[in-house]
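All residue numbers for the sequence shown refer to this note's numbering, where the first residue is -12 and numbers rise by one.
First comes the structure, then the notes that go with it.
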Amino acid sequence: GVSVQGEDDSPAVFTSTGDIGQLSLGWGLFMTGGSEVSISHAVFENLFIATTFNDAVVSVTDSRYSNNERVAIELHRSGTGFIGDNDISGFRRGGSSVGIRSSSDNISIERNNIAGMDVGLALNAGSPAVRENTITGTMFGVSLYAPCCVGVFNPVITNGNTITGNDYGIYSQNVYAGIIAVNGNNIHDNGWNYYKIQSTVIEDATGNWWGTSVESEVTASISAQAVGTVTYVPFLAGPIPVAPHLNAGV
């Protein structure tokens, strides 16, 4: 396995001297083949792809990702792990903070501060549990995209995520099977709070705060295709208190 353990005042740093926009930018960590990976108090900056893992058992905590080109943390194949208490911001060129392309049902994404890239969370497979994250300033806050070949797709987005100030809060595309649960979150003041296109599953989005207690205003924040296939009533009459995020310490 691999262990990267920095300290509050002395983080482990992965960086590149190339210019953003150049393919010469380096990669931070790439692991495959069932490796155990533990990363804590690290900084990943000015990289092309910061960390990507195939079939790995991963823990990434208390770290900072900034000014990278494409991806912060990506899990593939059957990778599992915990991604929590990280600050992730400033990606370019279609970048995403966390990409889940693993079929595992043992992935937790919790208490991360995510801001300023095209996609906050890109959920494409498996059954990730998404809790108490703050996602703002992206094009797609949470992107649900699961074409027919991905197998199991049962993401659970719950327990006080705050998704606000994005072009699209929840964006669901090409989801034809699985169980989508989006409950107990603050999803408000996005261009569209919930946008759905070419997805046929019934998606459970009850019990959220949509920035208003007026049902017609909630409905207006949800795309026309989503109305009827996204269940959003009942909804909350006020915001959910958000647990304080731990600082990454770097």
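Just so it is clear, CB atoms sit at the ideal spot from N, CA and C, and this is done for glycine as well.
Please read these numbers as outputs of a predicted model, since none were measured by experiment.
Could you check what DSSP says for VAL220 in three-state terms: helix, strand or coil?
-> coil
Neighbourhood of ALA116 by C-beta, 6 Å cutoff - its chain only, sequence neighbours within 5 removed | SER95, VAL143
Proximity below 8 Å, CB of TYR182 to CB of TYR158 | yes
Distance between THR216 and GLN275 (C-alpha atoms, nearest Å) | No answer is possible for residue 275: it lies beyond the span of the chain, which begins at -12 and ends at 237.
What is the rounded straight-line gap between the Cα of MET18 and the Cα of ASP49?
-> 20 Å
In three-state terms, what does DSSP make of VAL205?
-> helix
Give the C-beta separation of ASN173 and ILE227 to the nearest angstrom, bearing in mind that I take them to be a contact with Cβ-Cβ under 8 Å.
-> 6 Å
Counting along the chain, where does the beta strand (DSSP E) carrying GLU23 start and finish?
-> Its beta strand (DSSP E) spans residues 23 to 27.
Can you say whether SER208 is buried or exposed, counting buried as having 16 or more other CB atoms within 10 angstroms of its CB?
-> buried
By DSSP, does GLN9 sit in helix, in strand, or in coil?
-> Only weak support exists for where GLN9 lies, its pLDDT of 49 falling under 50; the coordinates are left without a value.
Determine the direct distance from the alpha carbon of GLU202 to that of ASN195, and round the result to whole angstroms.
-> 12 Å
Exposure of PRO(-2), with buried meaning 16 or more beta-carbon neighbours within 10 Å | Buried is the call here.
Which same chain residues, not among the five before or five after ASN54, have their C-beta less than 6 Å away from its C-beta?
-> So the list reads GLU32, ASN33, GLY77, once near-sequence residues are dropped.
HIS175 versus GLY152, VAL229, PHE127, residue with shortest Cα-Cα distance | GLY152
Separation of VAL162 from ASN93, as counted between CA atoms = 21 Å
Counting only runs that start and end within the stretch 42 to 116, where is the beta strand (DSSP E) found for 3 or more residues in a row?
-> For the stretch 42 to 116, whole beta strand (DSSP E) runs of length 3 or above, ordered along the chain, are 44 to 48, 51 to 53, 58 to 64, 67 to 71, 74 to 76, 83 to 89, 94 to 97, 100 to 102, 106 to 110.
If you drop the 5 nearest sequence neighbours on each side, which residues of the same chain put their C-beta closer than 7 Å to that of LEU223?
-> GLY194, ASN195, TRP196
Taking 8 Å as the cut-off, decide whether the C-beta atoms of ILE167 and GLN212 are in contact.
-> no
Determine, using beta carbons only, whether ASN120 and ARG88 come nearer to each other than 8 Å.
-> no
Which residue from PHE35, PHE69, GLY82 puts its Cα closest to that of ARG118?
-> PHE69
Identify which residue in ALA29, VAL30, GLY21 has its Cα closest to the Cα of PHE40.
-> Scanning ALA29, VAL30, GLY21 for the CA closest to the CA of PHE40 turns up GLY21.
Three-state secondary structure (DSSP) of SER159 | If DSSP states are grouped into helix, strand and coil, SER159 belongs with the strands.
So, is ILE189 buried or exposed, given that buried needs 16 or more other C-beta atoms within 10 angstroms?
-> For ILE189, the number of other beta carbons within 10 angstroms of its own is below 16, and it is reported as exposed.
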